[in-house]
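Its first residue numbered 3, the sequence shown is counted upward by one per residue in the numbering used here.
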Amino acid sequence: MKTKIALLLFTICSVFSCATGDEVIENTNHDDTSIYFPANASNTWETISISDIGWNENKLQPLLDFLEEKNTKGFIMLYNGRIVVENYMDDHSSTSSWYWASAGKTLTATLTGIAQDEGLLHINDKVSDYLGTGWTSASLDKEHLITCKHLLSMNSGLDDTLGDTVSPENLQYVADAGQRWAYHNVYVKLQDVVAQASNQTWSSYFNVKLKDKIGMSGAWISLNDLSVYWSTTRSMARFGLLISANGKWENTQIVSPDYLSQATNTSQSINQSYGYLWWLNGKPSYHLPATQAVFFGSLIPNAPNDMYAALGKNDQKIYVVPSKKLVVIRMGEAAEDSNFALSTFDNDLWEKISAFTN
């Protein structure tokens, strides 16, 4: 994994204009009640001081020390859109790019919502309405049960044990759609659905409808036979800010608040802690990747109950906390052991964040 990442870095840096520095400006009017959006055509991002929002400044350094100890590369905390903390480690910088891994699932969920808002598709439609029949190895009657919403909710009923490739021979029937929750790469078929429905390539539709509208950098890069999004930490923060603002960027509604409300609430009855490719905190129980076990209690006990999160392999994180007007971004290597999404790092990190923000 590290070798492949290293080989891609030069090319990726050229794509993302890595020579251009980012700037911050201090918020001088101290109006932290209105949400702030950084300009799309500028590298400047407004900040707000820790003292202005009443956080515990003495707890910042322990948080940063912990992040560095746990292989972090980029870390940002936004309060109402303004940067409170921005820190880079391990030779990373504000212009360096890194992979989102499965945190990028939420990009797919958002584009699906945009396509539905535009009337190009409906998530209750059968996947085969867009991809034709035979996109799985299931019998036709079972394949027809699978809707776009099942892919968003991870309850397609397809076998999750046959590897990452989503060719038809790897998409085999285990249970009727809606009857079994399993963390599975089959969600990427939504990218094909959006491309077919919009009559554009996935990346073209993504760039026009989301990336360019909120001033993100980045690109979809093929890695281990999957298309993975790479960007700067600030671009990940822009996306987190869009979602925290109910899908609105300044005066433009990018994705409807109704769709985002569905996406960030329980999407099915099996895994209460899962929306449309978003993980949800504060629910009575949860499921994890690669197991059918039920775990009781909140997903991340040290985090606020209203938090929802994009969680990617090896601890790529977007945390959104509406009650605290907070967006937190973490990029880097695995904090400890390699993981699919959730790890013990989430709860340990939120112990430090909670001490800092309370």
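Heads up, the beta-carbon is just placed ideally off N, CA and C, and yes, glycines get one too. It should be emphasised that the depicted structure is a prediction, and the values quoted were computed from it without experimental measurement.
- DSSP, reduced to helix, strand and coil, places residue 61 within a helical segment of the structure shown.
- Non-local C-beta neighbours of residue 190 in its own chain, meaning closer than 8 Å and more than five positions away in sequence, comprise 110, 168, 228, 229, ordered along the chain.
- Uninterrupted alpha helix (DSSP H) stretches at least 4 residues long and entirely within the stretch 204-270 occur at 204-208, 235-246, 259-265, given in chain order.
- Between the stretch 276-296 and the stretch 257-268, the count of Cβ pairs shorter than 8 Å is three or higher; the stretches touch.
- Secondary structure at residue 191: helix, using DSSP grouped into helix, strand and coil.
- Under the DSSP assignment, residue 335 falls outside any beta strand (DSSP E); it carries neither an H nor an E label.
- In this structure, residue 46 lies near residue 25, with their beta-carbon atoms less than 7 Å apart.
- Taking C-beta atoms as the reference points, residue 178 and residue 133 fail to come closer than 7 Å.
- Our two residues, residue 187 and residue 88, have alpha carbons roughly 32 Å apart in a direct line.
- Excluding sequence positions up to five before and after residue 78, its CB lies within less than 6 Å of the CB of 88, 235, 239, 331, all in the same chain and listed in chain order.
- Residue 99 holds the alpha-carbon nearest to the alpha-carbon of residue 219 among 59, 99, 60.
- Looking at the DSSP output, residue 298 shares a beta bridge with 287.
- By the Cβ criterion, the stretch 286-301 is not in contact with the stretch 139-151, since fewer than three pairs of Cβ atoms, one from each stretch, lie closer than 8 Å.
- Secondary structure at residue 172: helix, using DSSP grouped into helix, strand and coil.
- DSSP, reduced to helix, strand and coil, places residue 163 outside both helices and strands of the structure shown, so it counts as coil.
- 7 Å or more divides the Cβ of residue 72 from the Cβ of residue 357.
- With fewer than 16 other beta carbons inside 10 angstroms of its own, residue 292 counts as exposed.
- Between the stretch 240-255 and the stretch 322-331, the count of C-beta pairs closer than 8 Å reaches three or more; the two stretches touch.
- When rounded, the separation of the alpha-carbon atoms in residue 70 and residue 103 is 20 Å.
- Residue 138 sits buried, since 16 or more C-beta atoms from the chains shown fall within 10 Å of its C-beta.
- In the DSSP secondary-structure assignment, residue 319 is bridged to 313, 332.
- Our two residues, residue 170 and residue 326, have alpha carbons roughly 44 Å apart in a direct line.
- Ranked by Cα distance from residue 344, the first of 301, 360, 322 is 301.
- DSSP lists 77 as the bridge partner or partners of residue 89.
- DSSP, reduced to helix, strand and coil, places residue 120 outside both helices and strands of the structure shown, so it counts as coil.
- Cβ atoms of residue 76 and residue 94 come within 8 Å of each other, at about 5 Å.
- Between residue 196 and residue 117, the C-beta gap is smaller than 7 Å, which places the two residues in contact.
- Looking from the CA of residue 305, the closest CA among 282, 119, 74 belongs to 282.
- For the pair residue 157 and residue 183, the CB atoms are nearer than the 7 Å cut-off.
- Taking the C-beta atoms as reference points, residue 284 is found nearer than 7 Å to residue 307.
- Taken atom to atom, the span from the alpha-carbon of residue 38 to that of residue 81 is near 9 Å.
- Counting C-beta atoms within 10 angstroms of its own C-beta, residue 35 has fewer than 16 neighbours from the protein chains shown and is therefore classed as exposed.
- Annotation: the continuous alpha helix (DSSP H) that includes residue 352 extends over 346-359.
- In the structure shown, residue 101 falls within a strand segment according to DSSP collapsed to helix, strand and coil.
- Here the alpha carbons of residue 350 and residue 318 stand approximately 15 Å from one another.
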